[in-house]
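K.L.:
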Ligand code: F0G
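Numbering (the numbering used here), first residue to last: 4 to 443.
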């Protein structure tokens with residue numbers, strides 16, 4: 004039977020308890036499973052067989068791996084057959100990064116267009132098991148879109164707390180369409196996060212941010228599915244964007260569980276990339292190198308600032324788990340500028356793949372690490388694209404039109420260069436004029 008265990012004081016609690024942090028020391032909680040009875044070879048073939056099943060819980064790239072998920076009866080599972088997202092090779096992006104080859108696992112191909120669906124199927128299922136009728140989250144957009152959809156599927160009320168004017172319209176439109184109550188908080192994501200936790204602690208609203216360990220159980224299957232798609236061969240390196248740091252923590256937990264159970268023989272290095280204007284983990288990482296051995300705490304970045312609004316977060320909650328994942332995997336943390344993000348996003352587009360700005364930090368960060376010699380060109384690298392290109396079309400159009408800019412530290416406008424711009428051409432509505440312009 005799985006249980007909840009504090010990553011700090013190791014106290015254990017039943018999964019039937021509605022808690023988000025350790026009641027004894029406030030540490031983050033993990034869902035943990037017995038490892039003793041696990042037979043790696045047998046499980047791999049069961050999981051592989053399920054890929055050709057027509058049952059939704061087998062087709063779901065999350066519930067297919069249910070032996071390592073919180074228990075749930077089939078009738079309790081709320082699934083949209085999430086997961087099963089492709090891994091694509093990306094030759095132009097590889098070349099841009101200075102790699103011989105590179106592949107992207109595109110989690111933007113999930114039902115609501117981001118990786119959040121993987122965590123939401125387990126989160127909403129747990130909400131149902133606890134008889135919750137209303138769920139809540141703070142969000143930079145994707146969590147709210149996903150929670151709203153899964154809550155609607157489960158017949159629950161959804162309350163989303165979003166920073167006013169700071170989320171991409173595609174994401175806002177989803178939360179509205181799926182019937183959530185949308186509260187535009189006059190503040191940033193960190194304010195919204197603080198407030199939703201305060202409200203959830205004083206009310207029956209069930210909190211579905213990634214501080215909820217049941218969310219991360221679904222997201223850890225990113226690692227499982229990636230391995231399954233690669234014939235259970237671990238890559239050398241997995242590159243992932245870092246915002247609230249739930250996803251990188253979940254992926255690390257996924258690999259670590261399979262390593263402990265003998266499904267894989269090595270842990271890939273997990274490298275987390277942050278935007279320079281929203282880089283609390285990067286700063287902590289640099290300080291850690293400078294002050295080896297001292298007890299470090301994450302210092303929030305006030306007024307986090309990036310056009311990659313999904314990761315515009317100054318006080319990420321899951322940082323202790325992210326640090327644990329970095330330690331398990333001998334990982335690294337890197338940061339990238341707004342210009343680097345914009346150009347990398349355009350390059351991913353040129354591979355015919357596309358993604359939202361936050362996802363493009365992966366390619367930008369990888370390029371930087373290859374240039375610094377921290378990643379070798381012949382390494383086997385999978386970068387995680389977290390959100391669909393259509394989530395934030397404004398950003399893409401502005402880049403190609405040469406009008407992408409952001410507000411700098413002192414309130415000044417900083418224009419970005421559109422190095423790979425593909426501007427559209429206005430033409431008269433006449434055949435001959437069009438043929439002339441096209442040189443035909
Ligand atoms: N990429 C995208 C597209 C995201 O939406 C997020 C987080 C991240 C990366 C970072 O993942 O927070 O687990 O480190 N979005 C959250 C949201 C915060 O509310 O949608 P993380």
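For every residue, glycine included, the Cβ atom is placed at its ideal position computed from N, Cα and C. Quick caveat, the model's predicted, so the values are computed rather than measured.
Using a 10 Å radius around the Cβ and a threshold of 16 neighbouring Cβ atoms, would you call residue 347 buried or exposed?
P.N.:
Translated into the one-based positions of the chain shown, residue 347 becomes position 344. When all chains shown are included, residue 347 counts as buried.
K.L.:
Kindly examine the ligand F0G and report whether one of its heavy atoms sits closer than 8 angstroms to the Cβ of residue 357.
P.N.:
As a position in the chain shown, residue 357 is number 354, starting the count at 1. No, the ligand F0G has no heavy atom inside 8 angstroms of this Cβ.
K.L.:
How many Å lie between residue 242 and residue 221 at the Cα?
P.N.:
Indexing the chain shown from 1 puts residue 242 at position 239. Indexing the chain shown from 1 puts residue 221 at position 218. Computed Cα separation, rounded: 19 angstroms.
K.L.:
Where does residue 193 land, buried or exposed, given buried means 16+ other C-beta within 10 angstroms?
P.N.:
Taking the chain shown and counting its residues from 1, the one referred to as residue 193 is at position 190. Residue 193 is buried by the Cβ-count criterion.
K.L.:
Compute the minimum distance between the beta carbon of residue 389 and the heavy atoms of the ligand F0G, and state whether it is under 8 angstroms.
P.N.:
Residue mapping note: residue 389 aligns to position 386 of the chain shown, counting from 1. Yes, the beta carbon of residue 389 sits closer than 8 angstroms to at least one heavy atom of the ligand F0G.
K.L.:
Going by C-alpha distance, which of 287, 10, 76 and 128 is nearest residue 300?
P.N.:
Here residue 300 is taken as the residue at index 297 of the chain shown, counted from 1. The option with the nearest alpha carbon to residue 300 is 287.
K.L.:
Should the stretch 281-295 be called in touch with the stretch 113-122, which here means at least 3 C-beta pairs below 8 angstroms?
P.N.:
No, because fewer than three Cβ pairs between the stretch 281-295 and the stretch 113-122 fall closer than 8 angstroms, the two stretches do not touch.
K.L.:
Shortest alpha-carbon distance to residue 78 belongs to which of 403, 59 and 159?
P.N.:
For the purposes of this step, residue 78 is taken as residue 75 along the chain shown, with counting starting at 1. The residue with the shortest Cα to Cα distance from residue 78 is 59.
K.L.:
Taking 9 angstroms as the threshold (C-beta atoms), are residue 366 and residue 386 in contact?
P.N.:
If you number the chain shown from 1, residue 386 lands on position 383. If you number the chain shown from 1, residue 366 lands on position 363. Their beta carbons are under 9 angstroms apart, which means residue 386 touches residue 366 by this criterion.
K.L.:
I'd like to confirm the pairing. Which residues does DSSP put opposite residue 209 in its beta bridges?
P.N.:
As a first step, residue 209 must be located in the chain shown, where it is residue number 206. Answer by DSSP bridge pairing, in chain order: 138.
K.L.:
Is residue 140 a contact residue of the ligand F0G, with contact defined as CB to any heavy atom under 8 angstroms?
P.N.:
Working through the chain shown from its first residue, we reach residue 140 at position 137. Yes, the Cβ of residue 140 comes within 8 angstroms of a heavy atom of the ligand F0G.
K.L.:
Would you identify the three-state DSSP class for residue 45, choosing helix, strand or coil?
P.N.:
Here residue 45 refers to the residue found at position 42 of the chain shown. If DSSP states are grouped into helix, strand and coil, residue 45 belongs with the helices.
K.L.:
Who does residue 119 pair with in a DSSP beta bridge?
P.N.:
Stepping through the chain shown from its first residue, residue 119 is reached at position 116. Partner(s): none; residue 119 has no beta bridge.
K.L.:
Which residues in the same chain have their Cβ closer than 7 angstroms to the Cβ of residue 6, if we skip the five residues on either side of it in sequence?
P.N.:
The residue you call residue 6 lines up with position 3 of the chain shown. Closer than 7 angstroms at Cβ, skipping near neighbours: 15, 16, 17, 18 and 35.
K.L.:
Could you give the DSSP three-state label for residue 257: helix, strand or coil?
P.N.:
As a first step, residue 257 must be located in the chain shown, where it is residue number 254. It is helical.
K.L.:
Give me the residue from 263, 237 and 304 with the minimum Cα distance to residue 271.
P.N.:
Start at 1 with the first residue of the chain shown, and residue 271 comes out as number 268. That would be 237, whose Cα lies nearest to the Cα of residue 271.
K.L.:
Are the CB atoms of residue 349 and residue 425 nearer to each other than 9 angstroms?
P.N.:
As a position in the chain shown, residue 349 is number 346, starting the count at 1. As a position in the chain shown, residue 425 is number 422, starting the count at 1. In this structure, residue 425 lies closer than 9 angstroms to residue 349 by Cβ.
K.L.:
So, at 7 angstroms on beta carbons, what are the nonlocal neighbours of residue 50 in its own chain, with the 5 sequence-adjacent residues on each side left out?
P.N.:
Start at 1 with the first residue of the chain shown, and residue 50 comes out as number 47. Excluding sequence neighbours, residue 50 sits near 67, 68 and 231.
K.L.:
Take the Cβ of residue 43 as the centre, count every other Cβ of all protein chains shown within 10 Å, and call the residue buried at 16 or more, exposed below.
P.N.:
As a working note, residue 43 is residue 40 in the chain shown. Burial call: exposed.
K.L.:
Compute the minimum distance between the beta carbon of residue 64 and the heavy atoms of the ligand F0G, and state whether it is under 8 angstroms.
P.N.:
Taking the chain shown and counting its residues from 1, the one referred to as residue 64 is at position 61. No, since every heavy atom of the ligand F0G falls outside the 8 angstroms radius drawn around the Cβ of residue 64.
K.L.:
Return the CA-CA distance between residue 433 and residue 427, expressed in angstroms with no decimal places.
P.N.:
Stepping through the chain shown from its first residue, residue 433 is reached at position 430. Stepping through the chain shown from its first residue, residue 427 is reached at position 424. About 17 angstroms.
K.L.:
In chain order, which continuous runs of the beta strand (DSSP E) of length 3 or greater are located wholly inside the stretch 255-334?
P.N.:
Here the runs fully enclosed are 272-278.
K.L.:
Under 9 angstroms, do residue 74 and residue 123 count as touching if we go by C-beta distance?
P.N.:
As a first step, residue 74 must be located in the chain shown, where it is residue number 71. As a first step, residue 123 must be located in the chain shown, where it is residue number 120. No; because the gap between Cβ atoms is not below 9 angstroms, this pair is not in contact.
K.L.:
What are the boundary residues of the alpha helix (DSSP H) that residue 33 is part of?
P.N.:
Walking along the chain shown from the start, residue 33 turns up at place 30. Note, residue 33: premise wrong, no alpha helix (DSSP H); beta strand (DSSP E) at 32-35.
K.L.:
Is residue 361 near the ligand ATP, judged by its Cβ being under 8 angstroms from some heavy atom?
P.N.:
Of the ligands this structure carries, namely the ligand F0G, none is the ligand ATP.
K.L.:
What is the DSSP secondary structure of residue 390, counted as helix, strand or coil?
P.N.:
If you number the chain shown from 1, residue 390 lands on position 387. In this structure, residue 390 counts as strand in the three-state DSSP scheme.
K.L.:
Given a cut-off of 9 angstroms on the beta-carbon distance, is the pair residue 148 and residue 178 in contact?
P.N.:
If you number the chain shown from 1, residue 148 lands on position 145. If you number the chain shown from 1, residue 178 lands on position 175. For residue 148 and residue 178, yes; Cβs fall inside 9 angstroms.
K.L.:
Closest by CA to residue 110, which one among 65, 142 and 72?
P.N.:
Against the chain shown, residue 110 aligns to sequence position 107. Checked all of 65, 142 and 72; the closest Cα to residue 110 is 65.
K.L.:
Which residue comes first and which comes last in the beta strand (DSSP E) that contains residue 161?
P.N.:
Counting from one through the chain shown, the residue named residue 161 turns up at place 158. It spans 160-166 - the beta strand (DSSP E) in which residue 161 sits, taken as one unbroken run.
K.L.:
Please find out if some non-hydrogen atom of the ligand F0G comes closer than 8 angstroms to the beta-carbon of residue 217.
P.N.:
The count along the chain shown starts at 1 and reaches residue 217 at position 214. No; taking the cut-off as 8 angstroms, the Cβ of residue 217 has no heavy atom of the ligand F0G nearer than that.
K.L.:
Candidates 204, 55, 91 and 46: which alpha carbon is nearest residue 70's?
P.N.:
Residue mapping note: residue 70 aligns to position 67 of the chain shown, counting from 1. Among 204, 55, 91 and 46, the Cα nearest to that of residue 70 is on 46.
K.L.:
Would you say residue 393 touches the ligand F0G, meaning its beta carbon is less than 8 angstroms from a heavy atom?
P.N.:
Walking along the chain shown from the start, residue 393 turns up at place 390. Outside the cutoff, so no.
K.L.:
Measuring only the C-alpha atoms, how far is residue 417 from residue 156?
P.N.:
The count along the chain shown starts at 1 and reaches residue 417 at position 414. The count along the chain shown starts at 1 and reaches residue 156 at position 153. Cα to Cα, the separation comes out at about 43 angstroms.
K.L.:
Which residue spans inside the stretch 61-103 form an unbroken beta strand (DSSP E) run of at least 3?
P.N.:
Complete beta strand (DSSP E) runs here, min 3: 90-92.
K.L.:
Report back the beta-carbon spacing between residue 280 and residue 309 to the nearest angstrom; my notes put them in contact at under 8 angstroms.
P.N.:
In the chain shown, the residue the question calls residue 280 occupies position 277. In the chain shown, the residue the question calls residue 309 occupies position 306. Indeed they touch by this definition, with Cβ atoms about 4 angstroms apart.
K.L.:
Spell out a yes or no on whether the stretch 241-259 and the stretch 328-343 are touching, meaning 3 or more CB-CB pairs, one atom from each, closer than 8 angstroms.
P.N.:
Contact between the stretch 241-259 and the stretch 328-343 is present, because at least three Cβ pairs lie under 8 angstroms.
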